[in-house]
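Here is the structure we will look at, set down as structure tokens.
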Amino acid sequence: MSAPAGFGVQKIEIKSVVQAAQAPELFTREGLESSAYYKYWRADGAAYKVRLNVYESVADLEQGWEKRFPSVSLATAEPMGDGYRGFVQRDKIAAASVDAVLIEVSASKQPDRLADFTRAYADYVEQVLASTP
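Numbering (the numbering used here), first residue to last: 274 to 406.
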């Protein structure tokens with residue numbers, strides 16, 4: 274997955290990519306098709322850590338979202354805004370959803386612009402989904 278432009282990312286590290294066929298007992302139960310984890314490194318040593326969960330349906334995503342981010346845990350979160358379904362919590366973690374894809378971004382060494390990075394990443398995922406037959 275490419276890094277959104279303008280965030281000083283110099284290196285992309287693929288931490289893991291798992292398809293449903295590799296762990297059917299877990300993925301089928303959760304309604305997942307695949308899961309991936311990427312790390313986007315900046316020159317200053319900070320990083321954006323991105324987890325993508327691709328669900329079989331939007332309904333499965335909704336269940337996964339509630340399981341991962343129970344409403345009570347989001348009491349201090351701010352909405353992503355600008356028409357995005359998601360949140361930012363204390364500039365440490367952000368999440369958004371695009372169709373049946375859950376995007377979770379955390380910050381290492383407090384990189385700035387976490388919400389902006391998450392929005393740009395959501396836009397990128399939306400473009401990928403639109404171009405996929």
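Every residue, glycine too, gets a C-beta built ideally from N, C-alpha and C.
Assess, as a yes-or-no matter, whether the segment 334-350 is touched by the segment 386-398 under the definition of 3 or more beta carbon pairs within less than 8 Å.
no
I need the straight-line Cα distance from Q292 to E306, nearest angstrom please.
If you number the sequence shown from 1, residue 292 lands on position 19. If you number the sequence shown from 1, residue 306 lands on position 33. Each residue's Cα considered, the two are about 6 Å apart.
Proximity below 8 Å, CB of D317 to CB of A373
Locating residue 317 in the sequence shown gives position 44, where the first residue counts as 1. Locating residue 373 in the sequence shown gives position 100, where the first residue counts as 1. It is not a contact, given that the beta carbons lie outside the stated cut-off.
Would you check if the distance between the CB atom of P277 and the CB atom of Y357 is smaller than 8 Å?
On the sequence shown, residue 277 is found 4 positions in, with the first residue counted as 1. On the sequence shown, residue 357 is found 84 positions in, with the first residue counted as 1. Not closer than 8 Å, so no.
Rounded to a whole number of angstroms, what is the C-alpha to C-alpha distance between A294 and E329?
As a working note, residue 294 is residue 21 in the sequence shown. As a working note, residue 329 is residue 56 in the sequence shown. Near 13 Å, if we compare the C-alpha coordinates of E329 and A294.
With burial defined as no fewer than 16 other Cβ atoms inside 10 Å of the residue's Cβ, what is the status of V345: buried or exposed?
Within the sequence shown, residue 345 is the residue found at index 72, counting from 1. By the neighbour-count rule (16 or more Cβ atoms within 10 Å), V345 is not buried but exposed.
Using only the alpha-carbon positions, how far apart do S370 and K312 sit?
Within the sequence shown, the letter at position 97 stands for residue 370. Within the sequence shown, the letter at position 39 stands for residue 312. For S370 and K312, the distance between alpha carbons rounds to 19 Å.
Give a yes or no on whether 8 Å exceeds the smallest Cβ distance from V371 to chain B.
The displayed structure is made up of one protein chain only, and chain B is not part of it.
If we ignore side chains and look at the alpha-carbon of each, how far apart do F342 and D364 end up?
Within the sequence shown, residue 342 is the residue found at index 69, counting from 1. Within the sequence shown, residue 364 is the residue found at index 91, counting from 1. Near 16 Å, if we compare the C-alpha coordinates of D364 and F342.
Pair within 8 Å by beta-carbon distance, G281 and G304
Locating residue 281 in the sequence shown gives position 8, counting from the first residue. Locating residue 304 in the sequence shown gives position 31, counting from the first residue. No.
Among L402, I366, W314, which has the Cα closest to the Cα of I285?
In the sequence shown, the residue the question calls residue 285 occupies position 12. If we check each option's Cα against that of I285, W314 comes out closest.
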